Structures are given as C-alpha cells and as structure tokens.
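To start, the structure under review is shown below, and the notes come after it.
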Amino acid sequence: MDERSGFVCTISALDTMLRDVVGAHLRRRAGSRDADALGAAGALREVFGAAAAACPATCRLAELSLSTSPFLRYAVRAGEIDMIHMTQSFEFSAAHRLHCADLSDEENRRTFGKCNNPNGHGHNYVVEVTIRGTVDDATGRIIDHAHFQRTVGEIVIDRFDHKHLNLDCPEFATLNPTVENIARVVFKRLAGSLSPCELAMVRIWETPKTFAEYAGKT
Ligand code: NI
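So for the sequence shown, my numbering puts the first residue at -13; every next one is plus one.
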C-alpha cells in the first residue's frame, strides 16, 4: 500500500490494464476463426501473461476472472496459469430445523433462536461449485458442460430440492443442517465425480447475506 494515498494502486491504472490489455485481447479474439474452439478458459490463459506485465508496478496480478453469464465464471491464478477454475451456480429450495440432540431444549432455543422452530423453515439455497482442471486444446474446455451440469443435478440438486433436510435426507438425520454442514456434505457427495477435473470448493448461500464454503481436507 502506498502510505501517502492509502491505495494499493489507483483504480484508473486497473481500468487501463483491463481495457487496453484484457479487453482489447478479448475483442480481437472474438473475431478470430478459432475463438469458439479456444473458449473462455483458453482466452483467460492466453491473456494472463500480458495482463500481469501491464499490472501497475506496485502490485502483482493474483487472479484474473471472466464471467460469461451471471451464473458461470472462469478464473486463472498467478503461479498456475495452466489451471483453470470454473464456478457455476445452481439452486435448490429446502426446509430445515437447526437442533442439536446433545443440547437441552432451552440451550437449543438460545443457540439457534427462530431457526430452532420445531416444524422448520425454508431457504432458497444457491450452490456454487468450483472445479479446477486444464484446458483440452481440442474443445477449449476443462470439462464437458453437459456432464458437469447433469452430475451436480443428480448428486446434489435432485437429492435436496424441495425436501425437509432433517426428515427426508439421511445425511442430516443426526447431523445439524447448518449452512456449514450443508457445504461439507455437498462437497463430499460431489468429490471424485467430476473427472477429468478436481472439485476445488463448494460455497452455499443460505441467504443473500450468508454463505459457507468448504474446500475439502478437514
Ligand atoms: Ni435456516
């Protein structure tokens, strides 16, 4: 951070990098014959080096991401530019009740408040699934999108949509269906099913203000 301005860099410097380097590159390639074959993931990989070189001198480019719709984005990170992260949003609606069998009724009410209501309440959950993999140069993609969407649909969305998580889903028969536990359960259900990619992270939005994410290991 520049101690006098309090800035890491000026927004105008970032704007210039994005417009003159990244934007110009994407516009140029949009008109080229092989634009479709290289895809959005290939475009990010191509432009990362030039964008890093044009980054303001006080900074280091850490990540470049490209959204192709409000529900799908790609990202490339410094140090592993051949590795593409792809994140897609899905959603399901479900009811749950937050309750711990190990706590007394009074402790449950104090801990979970209205969320401990005996007959439950509902949420429209948004599920963001992030996978990582390398671009197949023949297709310009890291995974077959239809396979990806079908897999998440079958393993996660069909499983939980319009269900009462505590009553209808064995995963939560004894496990408190907090947003944290939902993120962990969804990750574990999906891990290993998205070949040739690796599951990098699952983020669950319980409300527009609250999410939990899980990236494996623990
Ligand atoms: Ni709730």
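Note that CB positions come from ideal geometry on N, CA and C, so glycine has one too. If you're wondering where the values come from, they're calculated on a predicted model, not measured in any experiment.
If you follow the beta strand (DSSP E) that residue 110 is part of, which residue opens it and which one closes it?
Residue 110 -> beta strand (DSSP E) spans 107 to 120.
Secondary structure at residue -1, three-state DSSP: helix, strand or coil?
helix
Continuous beta strand (DSSP E) stretch holding residue 70: start and end:
69 to 82
Please identify the residue among 78, 30 and 82 whose C-alpha is closest to the C-alpha of residue 64.
30
Where does the unbroken beta strand (DSSP E) through residue 199 begin, and where does it stop?
196 to 200
Do the CB positions of residue 15 and residue 71 come within less than 7 Å of each other?
no
In whole angstroms, what is the alpha-carbon distance linking residue 88 and residue 98?
13 Å
Exposed or buried, which one is residue -3 when buried takes at least 16 other CB atoms within 10 Å?
exposed
Quick one: is the Cβ of residue 155 within less than 6 Å of any heavy atom of the ligand ATP?
With respect to the ligand ATP, the structure offers nothing, as its ligand set consists of the ligand NI.
Buried or exposed: residue 25, going by 16 or more other Cβ atoms within 10 Å of its Cβ?
buried
Counting beta carbon pairs with one atom in the stretch 129 to 147 and one in the stretch 91 to 108, are three or more of them shorter than 8 Å?
no
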